[in-house]
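K.L.:
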DNA sequence: GCGGTTTGATTAATCGTTTAATCAGGCATA
DNA sequence: TATGCCTGATTAAACGATTAATCAAACCGC
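Protein chains in written order, with full-length UniProt numbering: chain A, 1 to 347; chain B, 1 to 347.
Here it is as structure tokens:
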């Protein structure tokens, strides 16, 4: 009934070579004292037998599973593929596997997801927290990726600076009235980005902020944002806090007969997959997820290596904010002092 | 140096209750012969001690890790979050963890990613294959999710039928000249979808197919698709094989001053996250990923349970094609026999 | 009251790896 | 030559769970 593992194990190699298992183990790991030529012979033989070490056996003995957990509470965020990819890449470069857990956007099950990972024996985990949740340390080292302004954050993109880049870009193009379009006011990330935009504006500039989720509570999901009205009020730039919202703004404006960027400018955040290929391609700000993931994972790996006794720690890294990079494409252009109003009639 | 696991283990519970470890194990798993009241006592005590079984110990003994691998070779596909979420959900409902592996779109590393999973001791894996690759069975049971027409496929959405739904919808709206917009001609999925559209057209209808990747090889990535010209040629409907391409088409048309759906219709596939919130909301076709994932995972779990000896098998399921559902939104409307040509001048 | 079954528990082996402890020689030094 | 050290290997004890085999006692029919 019990299924024996298919491949050879240490003891098969050992008996086949007439040595002890301990020697084989030492030779392969390079730890004990084994003569050079014997190491050679053992390595060779192991390779030709196609030996692959049993993670279970190793884990049982060492207490380390070699697996990290990745908690993505808001998987609907289209940023997810990039994050998962970056984490997986960094982790496997560091010799770790990645176990995913998501809570389908439900706050209550975030804890449950974390527990499942702990039960599976992960050595540590990377958490991208759901907005406004605070991670109290779990039963293993935890790296948090949120925003630099979040307490307990390990490493994150410098969303604030990214916002400033956008503001300065728009200011340089002559825009003076900017509408910031965000989704959710509780999101640490979106708040940082909005704050950055405001802080980067010149004294003679004016901004308002539109929170979509709040709007949809009254007007229903998928409702129009009323951007044409905003254009009439003199806004010439729409700075969305995510490319998803930028896309929504862009198509609504286009449908209303307002041309981007001739009439108004639209910018986003995150450089999501569609951003370069829509018309016009989106001006946006990109975070270096590979770098962030690399820092998070190596900080985590360090902590795991250091902590002989397994305990819950919020991991800290030396670099905790990574600069975002402005990508200028064609959705932003010089401010048009008098956007064409002819089209506005038929709204 | 070696870090002892923090929590209690079977033997701690056993000595604390004055019974043997075997009895505790039996009581918790409900397998051997233990008296009812002792089972009760043991379960209670284990719970209050916060006992969590060691996956490593169990895995070593049983040869089962309780983990499935998920191979996503083309992670750039924005469909990924839904797939990953569905698989993770189905797997954790079946008591499995999910280890992810991606090959960053690189064909060569797909095999390497699979090997990494095998080395980590997964009990089976779900593979969404990169286009045009054929999965030869690995060292464990494998479920393939691609298209029903792919040899070796386990379960998938009925992309062909989805295509027919689109064609019939457009036919019913009076469209007679349809431009199919796909990305890559080698993709099994996209080919099925295109085939379905063609097969669902009425005899008096005409279609052409535009493959973006081929176009971009000459004209450069992100180049215009020249859809305005197609409108002039009499095409009134643009059926994209993914919402990503639909979005690209929609924005290009809108930017050219062509109104959707008044002038032409645009449809997509997959009901991606932005589809309901762009203007106009996209008519698309949705696959029931939860159902597909559920079927794939339970077929996999069955095979794993059945196969005492661990071997590589391509898993088969009873239901291998799952119907797609047409979602009619506002990007498709009645065919306009003479789309306005006034705007066409300024192209 | 005696062989035989059933019940409820224990014993002990096993999965594959790591690693501390031990040991047998060889070699150098006193 | 006896002592000590170094080298290169072996021994054996874990890690934590599962499970086949065993065992003691109770219970049954005859």
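All C-beta atoms in this analysis are idealised placements derived from N, C-alpha and C, irrespective of residue type, glycine included. Since this is a predicted model, take the numbers as computed values, not measurements.
(1) Buried or exposed: residue 206/B, going by 16 or more other Cβ atoms within 10 Å of its Cβ?
(2) With DSSP as the reference, label residue 143/B as helix, strand or coil.
(3) Using DSSP with H/G/I as helix, E/B as strand and the rest coil, what is residue 286/B?
(4) Hey, how far is the Cα of residue 261/A from the Cα of residue 312/A?
(5) Is residue 169/B near residue 326/B, with beta carbons less than 8 Å apart?
(6) Would you mind sorting residue 108/A into buried or exposed? The rule is 16 or more other CB atoms within 10 Å of its CB.
(7) Would you kindly work out how many angstroms separate the C-alpha atoms of residue 331/A and residue 267/A, rounded to a whole number?
(8) Using a cut-off of 8 Å between C-beta atoms, extract the partners of residue 274/B located in chain A.
(9) Pick out the complete beta strand (DSSP E) segments inside the stretch 30 to 115 of chain A, 3 residues or longer, and give them in chain order.
(10) Measuring CB to CB, does residue 117/A end up less than 8 Å from residue 274/B?
(11) Quick check on residue 140/B: buried or exposed, where buried means 16 or more other Cβ atoms within 10 Å of its Cβ?
(12) Can we count residue 159/A as close to the ligand MG, meaning its CB is less than 7 Å from some heavy atom?
(13) Do residue 321/B and residue 156/B come within 8 Å of each other at the CB atom, strictly closer than that value?
(14) Indicate whether at least one CB of chain B lies closer than 8 Å to the CB of residue 84/A.
(15) Whole-angstrom Cβ separation of residue 73/B and residue 110/B, contact assumed at under 8 Å?
(16) Residue 391/B by DSSP, collapsed to three states: which one?
(17) Helix, strand or coil for residue 175/B per DSSP?
(18) Given this structure, state the Cα-to-Cα distance separating residue 346/A from residue 68/A, to the nearest angstrom.
(19) Can you find the residues in the same chain that come closer than 6 Å, C-beta to C-beta, to residue 11/A, ignoring five residues on each side of it along the sequence?
(20) When the distance is taken between beta carbons, is residue 179/B closer than 8 Å to residue 89/B?
(21) Go ahead and pull the three-state DSSP assignment for residue 332/B.
(22) Determine the direct distance from the alpha carbon of residue 278/B to that of residue 221/A, and round the result to whole angstroms.
(23) Which chain B residues sit within Cβ distance under 7 Å of residue 100/A?
(24) Would you tell me roughly how many angstroms separate the C-alpha atoms of residue 27/A and residue 61/A, rounded to the nearest one?
(25) Measure the C-alpha to C-alpha separation of residue 185/B and residue 149/B and round it to an integer number of angstroms.
(26) Is residue 327/B helix, strand or coil when you go by DSSP?
(27) As a quick exercise: from 302/A, 129/A, 204/A and 224/A, pick the residue whose alpha carbon is nearest that of residue 351/A.
(28) According to DSSP, what are the bridge partners of residue 265/B?
(29) Between which residues of its own chain and residue 42/B is the CB-CB distance below 6 Å, once the five residues before and five after are set aside?
(30) Sort out for me which residues DSSP pairs residue 321/B with in a bridge.
(31) Label residue 112/B either buried or exposed according to how many other C-beta atoms from any shown protein chain fall within 10 Å of its C-beta, with 16 as the threshold for buried.
(32) Pick out whichever of 248/A, 224/A and 253/A has its Cα sitting closest to the Cα of residue 235/A.
(33) Quick one: using the 10 Å Cβ neighbour count with 16 as the cut-off for buried, is residue 36/B buried or exposed?
(34) Please say whether residue 80/A and residue 81/B have beta carbons closer to each other than 8 Å?
(35) Excluding the five sequence neighbours on either side, which residues of its own chain have a C-beta within less than 8 Å of the C-beta of residue 64/B, listed in chain order?
(36) Of the choices 290/A, 295/A, 242/A and 329/A, whose alpha-carbon is the least far from that of residue 77/A?
P.N.:
So, from the data block:
(1) Against the second chain, residue 206/B aligns to sequence position 206. Per the 10 Å Cβ criterion, exposed.
(2) As a working note, residue 143/B is residue 143 in the second chain. Looking at residue 143/B - three-state DSSP - the assignment turns out to be strand.
(3) Counting from 1 along the second chain, the entry for residue 286/B is found at position 286. When secondary structure is reduced to three states using DSSP, residue 286/B falls in the strand class.
(4) Here residue 261/A refers to the residue found at position 261 of the first chain. Here residue 312/A refers to the residue found at position 312 of the first chain. Distance between the alpha carbons of residue 261/A and residue 312/A is about 50 Å.
(5) Locating residue 169/B in the second chain gives position 169, counting from the first residue. Locating residue 326/B in the second chain gives position 326, counting from the first residue. The answer is yes: Cβ separation under 8 Å.
(6) One-based indexing of the first chain puts residue 108/A at position 108. Result: exposed.
(7) Here residue 331/A refers to the residue found at position 331 of the first chain. Here residue 267/A refers to the residue found at position 267 of the first chain. The alpha-carbon atoms of residue 331/A and residue 267/A are separated by roughly 7 Å.
(8) Position 274 of the second chain, counted from the first residue, corresponds to residue 274/B. Ordered by position in chain A, the residues that pass the 8 Å Cβ test against residue 274/B are 78, 244, 247, 248 and 274.
(9) Correct list: 67 to 71 and 97 to 101.
(10) One-based indexing of the first chain puts residue 117/A at position 117. One-based indexing of the second chain puts residue 274/B at position 274. Contact: no.
(11) For this step, residue 140/B is matched to residue 140 along the second chain. Buried: at least 16 other Cβ atoms inside 10 Å.
(12) Judged by which ligands are present, the structure shown has none, so any question about the ligand MG falls away.
(13) Taking the second chain and counting its residues from 1, the one referred to as residue 156/B is at position 156. Taking the second chain and counting its residues from 1, the one referred to as residue 321/B is at position 321. Closer than 8 Å, so yes.
(14) Translated into the one-based positions of the first chain, residue 84/A becomes position 84. With respect to chain B, the C-beta atom of residue 84/A has a partner C-beta closer than 8 Å.
(15) Translated into positions along the second chain, residue 73/B becomes position 73. Translated into positions along the second chain, residue 110/B becomes position 110. Contact flag correct, Cβ pair sits at about 5 Å.
(16) Outside the shown range of chain B (1 to 347) lies residue 391/B, about which nothing can therefore be said.
(17) In the second chain, the residue the question calls residue 175/B occupies position 175. Note: residue 175/B maps to coil in three-state DSSP.
(18) As a first step, residue 346/A is located in the first chain; it is residue number 346 there, counting from the start. As a first step, residue 68/A is located in the first chain; it is residue number 68 there, counting from the start. Bear in mind that the predicted position of residue 346/A carries a pLDDT of just 43, short of 50, making it too unreliable to give a figure here.
(19) The residue you call residue 11/A lines up with position 11 of the first chain. Residues 21 of the same chain have their beta carbon placed closer than 6 Å to that of residue 11/A, with the five preceding and five following residues left out of the count.
(20) Here the question's residue 89/B lines up with position 89 in the second chain. Here the question's residue 179/B lines up with position 179 in the second chain. In this structure, residue 179/B does not lie closer than 8 Å to residue 89/B by Cβ.
(21) The sequence position of residue 332/B within the second chain is 332, counting from 1. When secondary structure is reduced to three states using DSSP, residue 332/B falls in the coil class, being assigned neither helix nor strand.
(22) Counting from one through the first chain, the residue named residue 221/A turns up at place 221. Counting from one through the second chain, the residue named residue 278/B turns up at place 278. Near 12 Å, if we compare the C-alpha coordinates of residue 278/B and residue 221/A.
(23) Taking the first chain and counting its residues from 1, the one referred to as residue 100/A is at position 100. Taking a Cβ-Cβ cut-off of 7 Å, the neighbours of residue 100/A in chain B comprise 84, 88, 98 and 100, given in sequence order.
(24) Numbered from 1 along the first chain, position 27 holds the residue referred to as residue 27/A. Numbered from 1 along the first chain, position 61 holds the residue referred to as residue 61/A. The straight-line gap from Cα to Cα measures roughly 18 Å.
(25) Here residue 185/B refers to the residue found at position 185 when the second chain is read from its first residue. Here residue 149/B refers to the residue found at position 149 when the second chain is read from its first residue. Roughly 15 Å separates the two Cα atoms.
(26) Looking up residue 327/B in the second chain gives position 327. Shown here, residue 327/B sits in a strand according to DSSP, grouped into three states.
(27) The structure shown has nothing for residue 351/A, since chain A only spans 1 to 347.
(28) As a working mapping, residue 265/B is identified with position 265 in the second chain. Residue 265/B pairs with 237/B.
(29) On the second chain, position 42 is the one that residue 42/B refers to. Within the same chain, and ignoring the five residues on either side of residue 42/B in sequence, the residues whose Cβ sits closer than 6 Å to its Cβ are 24 and 27.
(30) Start at 1 with the first residue of the second chain, and residue 321/B comes out as number 321. Answer is 156/B, bridged to residue 321/B.
(31) Position 112 of the second chain, counted from the first residue, corresponds to residue 112/B. By the neighbour-count criterion, in which 16 or more other beta carbons inside 10 Å mark a residue as buried, residue 112/B falls on the exposed side.
(32) Residue numbering aside, residue 235/A sits at position 235 when the first chain is read from its first letter. Nearest C-alpha to residue 235/A: 253/A.
(33) Taking the second chain and counting its residues from 1, one reaches residue 36/B at position 36. That one is exposed.
(34) Along the second chain, read from residue 1 onward, the residue named residue 81/B stands at position 81. Along the first chain, read from residue 1 onward, the residue named residue 80/A stands at position 80. Yes; because the gap between Cβ atoms is below 8 Å, this pair is in contact.
(35) Your numbering for residue 64/B matches position 64 in the second chain. Answer for residue 64/B: 58, 123 and 304, listed in chain order.
(36) As a first step, residue 77/A must be located in the first chain, where it is residue number 77. Cα-wise, what sits closest to residue 77/A is 242/A.
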